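Here the sequence shown stands for residues 598 to 1305, numbered as in the numbering used here. Virtual Cβ for every residue (Gly too), placed ideally from N, Cα, C. Bear in mind that the values here come from a model prediction, so they are computed numbers and not experimental data.
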Amino acid sequence: MRPWPGAAYPLGATYDGAGTNFAVFSEVADRVELCLFEPDGSETRVTLPEVDGHVWHGYLPEVGPGQLYGYRVHGPYEPEQGQRCNPNKLMIDPYAKATHGPVNWDESLFGYHFDDHDSRNDLDSGPHVPKSVVINPYFDWGNDRPPNVPYSESVIYETHVRGLTIAHPDIPEELRGTYRGLAHPAMIDHLTGLGVTAVELLPVHQFITDHHLFERGLDNYWGYNTLSYFAPHHRYAAPGPVGSQVQQFKAMVRTLHDEGIEVILDVVYNHTAEGNHMGPMLSMRGIDNAAYYRLTDDDPQHYMDYTGTGNSLNVRNPYTLQLIMDSLRYWVTEMHVDGFRFDLASALAREFYDVDRLSAFFDIIQQDPVIRGVKLIAEPWDVGPGGYQVGNFPPLWTEWNGKYRDTVRDFWRGEPGTMGEFASRITGSSDLYQDDGRRPVASINFITAHDGFTLRDLVSYNEKHNEANGEDSRDGADDNRSWNCGAEGETEDPAILELRRRQRRNFLATLFLSQGVPMMVAGDELGRTQQGNNNAYCQDSEISWMDWSLSYSDEDLSDFTTAMARLRADHPVFRRRRFFEGRPVRPGEQLGDIAWFTPSGEPMSEGDWEVDFGRCVTVFLNGEAILETDDRGERVTDESFVVCFNAHHEDIEVTAPPIEYGGKWMVVLNTADPEIPVGRLDESQPVVEAADTFTASARSLVLMQRVG
């Protein structure tokens, strides 16, 4: 088979309707062989004839979609110098748009023999490595348009493609756990009913299960172990031809877009599945190890590890940075996704040692006309020194606000001295985002996420219970800031169960009434439990899956969540685009846009904020003082509200604000009284006169709307 010269760009396998161009980067290679595989495993090797700018390339007429392939790279194998080329190891194309087949954990996958770690292993890994797939890039998108939901109107639902639908009784069995299952009408109804505007999918880039998990009979369920940054994970595809996961993913996106739901991908560009120097040779390691990975300066056979997974991508190298950017652009332009959540994003900004706001990664994102236009969400930390960077990302970015999570958890479990920071967090964390020109929507607010307790477990466990992970519960965070309400785990005590239900309502109500962007994790609206497991990354089982039977047993919580999302959508005062100023915002107005009161109805003083035992506060939100205009240029106004937060373990008599703030207030939410319909004005609901007292039940939230 004689290849034509082809082109050095684009990288990867590109089918043009008549044949396929293959291009792969390697600065250290002496020769690169393209390996074509038949379904029976037989292999044909073709030497790529051209190299331009360290890109090896060739074009093969009549090779088209469905073709399985890989690369064998001839070059230096000198681990002590950071080079690990070995043509006996089949390499997956870093730009593969799809992969086929599992990793078979055989000794041939490794660069050394198990009984001699300093030896060179020349066993052929070809039969045991997943194959790259030439895909058909053509797809009928119809009239697909991105929903372009503003951050201020967004409600993000973090979920797992497989876990969300694998046990759904209304989805056909062959579609459960797949992209098609996520786009099924039963799921669409659930998401739209909740008011969800975006699904944030745990990693869908092709990933593998780590060797150590495989040996223990477990899976890398979460997927933070990427093998290919362009390929949709094949296991999430319903049965179909080789490479059909690409078409199925696109169809899922198109369906969600039709319903106004955005698709945000959790992406893991900080490390790969190849691990540390003892890991397998699957892709980048055997193509150009020193270009793709950060190696230690004093001993290049070892890897810098800012992620806790064994390696870190070398974002200082222009070809590695190009890989990341090409991947991001591909998912936006070809797969039509609407944004990204960057796992351990601080690691991507370490050009040298420290996290650098002026790094090339941030710079190139800022300038890219495609990427800068989608949602960019950082997990603003890694495990390296100085890695906790909440509030320090550039203006284009939003951030998972870990300080919001921690503070809200502390407040509702009754920790002393949290009231001041609690007030800052629920009003948008201006201390973190205002100085660099960002707005409240820079804060992605969350109480729970995939990593940690579910909401039900947060109010049911004081300690993690990770025995199922096989590590004697040494894994997972110890600082959970949880409170079990009086009993560890499941209980039949009615008083404890009622308190737990109230606490869950408190958390959800706080989330939806806070300034910023609310994010909830799938299942919290149904009372999903992981039985106290706060690190279920390896649990592809009922521990992690959505339990849809709870939709009947905890229907009230689902209805409450839906009502809170609707309340937020109906009232812009809870989703302001600008920070509060604490004073009148227009000439001639007497009331500020926000005001804080003690339980006795007095304005909060500086000393009141510093009282350690303070656990109750009331806030006035002025719906007439919103410095915003709508799409038609008209001034945005809203109703005014008062919110009382009582995290004390006893009832408190609270005095409503004085007459100038409002004459009458109707209770439209009381987490201690779920019979009050959320957000609904009804003559049967309690009304509080100005400066009158009302009872804030122990550990409850009361929301009142001005009606006079």
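Asked                                                                                                             : Found
Residue(s) in a DSSP beta bridge with Leu1298                                                                     : Phe1242
Helix, strand or coil at Cys1213 [DSSP, three-state]                                                              : strand
Cβ-based neighbour list, Val746, same chain, cut-off 7 Å, excluding 5 preceding and 5 following                   : Thr794, Ala795 and Glu859
Pick from Glu659, Glu812, Val726 and Lys694 that is closest to Lys686, judged by C-alpha positions                : Val726
Alpha helix (DSSP H) segments (min. 4 residues) lying fully within the region 841-903                             : 842-855 and 881-889
C-beta atoms of Ala626 and Gly698 nearer than 8 Å                                                                 : no
Through-space distance from Leu920 to Glu640, alpha-carbon basis                                                  : 27 Å
Where Met1016 falls: helix, strand or coil (DSSP)                                                                 : helix
Presumed contact (8 Å Cβ cut-off) between Leu879 and Leu824, rounded CB distance                                  : 6 Å
In chain order, each beta strand (DSSP E) run of at least 3 residues that lies wholly inside the region 1129-1154 : none
Limits of the unbroken beta strand (DSSP E) element including Leu1055                                             : Counting along the chain, Leu1055 falls outside any beta strand (DSSP E), though it belongs to the alpha helix (DSSP H) covering Leu1052 to Leu1055.
Nearest-angstrom beta carbon gap, Ile1041 and Phe937 [assumed within contact, 8 Å]                                : Not really, about 12 Å apart at Cβ, beyond 8 Å.
Contact set for Phe619: own chain, Cβ-Cβ below 6 Å, skip 5 residues either direction                              : Ala610, Leu631 and Gly655
Distance CB(Ser1057)-CB(Arg1097) smaller than 8 Å                                                                 : yes
Pro1254 and Ala1287 closer than 8 Å at C-beta                                                                     : yes
Met1117, DSSP secondary structure in three states                                                                 : strand
Under the three-state DSSP convention, the category Ser716 falls into                                             : coil
Beta-carbon separation (whole angstroms), His933 vs Val850, contact threshold 8 Å                                 : 5 Å
Contact set for Leu604: own chain, Cβ-Cβ below 8 Å, skip 5 residues either direction                              : For clarity, residue 604 is Ala in the given sequence; the question names Leu instead. Same-chain partners within the cutoff: Asn618, Ala620, His654 and Tyr656.
Three-state class that DSSP yields for Asp1007 in the structure shown                                             : helix
Identity of the residue in Val629, Val648 and Trp1145 nearest Arg642 by Cα                                        : Val629
Within 8 Å, strictly: CB atoms of Trp1145 and Ala764                                                              : yes
Rounded separation between Arg1232 and Thr1226 - CA only                                                          : 4 Å
Under the three-state DSSP convention, the category Lys1000 falls into                                            : helix
As assigned by DSSP and simplified to three states, the class of His651                                           : coil
Secondary structure of Glu770, DSSP reduced to three states                                                       : helix
Cα-Cα separation, Leu720 to Ala1039                                                                               : 51 Å
Status (buried if at least 16 other CB within 10 Å, exposed otherwise) for His830                                 : buried
Residue of Gln1136, Ile1140 and Leu1110 minimising C-alpha distance to Gly1124                                    : Ile1140
C-beta contact flag for Thr1252 and Ser1197 at 8 Å                                                                : yes
Beta-carbon proximity list for Val731, same chain, < 6 Å, skipping 5 on both sides                                : Ala610, Tyr612, Thr617, Pro662 and Gln664
Beta carbon of Tyr776 nearer than 8 Å to that of Phe827                                                           : no
Under 8 Å between C-beta atoms of Asn1103 and Ser943                                                              : no
Tyr666 versus Thr1088: straight-line alpha-carbon distance, rounded                                               : 55 Å
DSSP state of Tyr1030 mapped onto helix, strand, coil                                                             : helix
Among Gly1014, Ser722, Glu1060 and Asn914, nearest to Asp1209 - alpha-carbon criterion                            : Gly1014
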